[in-house]
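Enquirer: Residue numbers (the working numbering): 465 to 857.
We put the beta carbon where it would ideally sit given N, CA and C, even for glycine.
Laid out in structure tokens, this is it:
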């Protein structure tokens, strides 16, 4: 059985998903695969057309139909309390995702999420706590809080955002050896008080994923984002002043309609000023049904690609400099994979979210246990990965 958890956010992701499904259909025809399940945003967006074009798929499920997926595998899961998604182990058992809600109310001009997922809908606090405890009882050492925008959590249910309350409740209820990592925080609702709260809590990792998409006020306005350049620069600078080793991640869109060379240069200036640890960049693509797709001033692909490459070249230099700050330091890491034949282990520190960031490679790691924490000493640094050894006793 193969499950394709799809993304319909940008055209390149759509094309990649379709190619994977076609490959799986070929495997099924040859008898190498019995069942194919396709779930997620692509089904929300193009489900009717896909069902006609891909008849070999056995199960179709939209982004929130986790009960349907769970029942297909194990009907007993439906009787279990809480969120059905958590009962399906998508990742290593010690590193799990806790989804706090669905949908988004920001309506960025380039984004398809509101049309695919709808308005923001939060999972009740009690249900999230129950799910978190279930995941921990089943081996989770790291809970990654995810949603289209964590900072708006609870507003639809309680009349105002309740992310602080969710974090306080998790901190109070979970065992002391569980990491809490936050992903996808909208910059407009991040302030100094929030940064102080994160930095002052040992369980909540000093890791903020704050997608800004751009830094120029005029481009941000065209993107229909409420952020302002001054606010963005201030919160990133404040995090650096609170803790120079704070892990900061962001995303940038290059080549948005009308973006000038001068406006793009401001993005490069910001990355150097803020010393961002991790950057994900995307080349703008016009998405069907979005206001940005109807704008004038679309930029040539060669220019968009050039700006992307320049940004990533600069970020590689910044990233390596940030990495070198950890040489000779001790870091607590979570062991993800032990390669016994090589006497080596791949681990992650507070700076490394699953799948999207770097790793910490540990020599002599065959003695380690997957899913456990260990303290290591950093001995080498590359652009994305750090390398370490186990301290001698």
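Please look up how many angstroms separate the CB atoms of residue 655 and residue 605, rounded, as I've assumed it's under 8 Å.
Expert: Rounded, the Cβ-Cβ distance is 30 Å, inconsistent with contact.
Enquirer: Bridge partners of residue 646, per DSSP?
Expert: Answer is 609 and 672.
Enquirer: What residue does the alpha helix (DSSP H) around residue 505 start on, and which one ends it?
Expert: Per DSSP, residue 505 belongs to the alpha helix (DSSP H) from 505-517.
Enquirer: Going by the DSSP bridge assignment, what does residue 456 pair with across the sheet?
Expert: Here the chain comprises residues numbered 465 to 857, so residue 456 is not present and cannot be evaluated.
Enquirer: At the level of alpha carbons, what is the spacing between residue 594 and residue 633?
Expert: Whole-angstrom Cα-Cα distance: 11 Å.
Enquirer: Where residue 580 and residue 509 are concerned, what is the direct C-alpha to C-alpha distance, given to the nearest angstrom?
Expert: Taking the straight line from one Cα to the other gives about 6 Å.
Enquirer: From the DSSP output, read off the bridge partner residues of residue 794.
Expert: According to DSSP, residue 794 bridges with 841.
Enquirer: Residues in its own chain within less than 7 Å of residue 602 by CB, not counting five upstream and five downstream?
Expert: If we look at residue 602 and ignore the five residues flanking it on each side, its Cβ neighbours are 557.
Enquirer: Let me make sure I understand the geometry here. Which of 660, 591 and 853 has the alpha-carbon closest to that of residue 845?
Expert: With distances taken between Cα atoms, residue 845 lies closest to 853.
Enquirer: Compute the Euclidean distance between the alpha carbons of residue 810 and residue 819, then round it to the nearest angstrom.
Expert: Their Cα atoms are separated by approximately 12 Å.
Enquirer: Within the 8 Å Cβ cut-off, does residue 592 reach chain D?
Expert: Going by chain labels, chain D is absent from the structure shown, which holds only one protein chain.
Enquirer: If you draw a straight line from the C-alpha of residue 546 to the C-alpha of residue 626, how long is it?
Expert: Low confidence applies here, because residue 546 scores a pLDDT of 44, under 50, leaving its location unreliable; read the following figure in that light. One C-alpha to the other measures close to 19 Å.
Enquirer: Residue 854 by DSSP, collapsed to three states: which one?
Expert: Reduced to three states, the DSSP call for residue 854 is coil.
Enquirer: Whole angstroms is fine: what's the gap from residue 686's alpha carbon to residue 812's?
Expert: Answer to the nearest angstrom: the Cα atoms are 37 Å apart.
Enquirer: With DSSP as the reference, identify every bridge partner of residue 808, one or two as the case may be.
Expert: DSSP output for residue 808 lists 803 and 827 as bridge partner(s).
Enquirer: Measure how close the beta-carbons of residue 630 and residue 564 come, nearest whole angstrom, since I'm counting them as under 8 Å.
Expert: At roughly 7 Å, the Cβ-Cβ gap stays under 8 Å, so residue 630 and residue 564 are in contact.
Enquirer: Quick check: residue 647 and residue 817, are their CB atoms within less than 8 Å of each other?
Expert: Yes, the pair counts as a contact, with Cβ atoms nearer than the cut-off.
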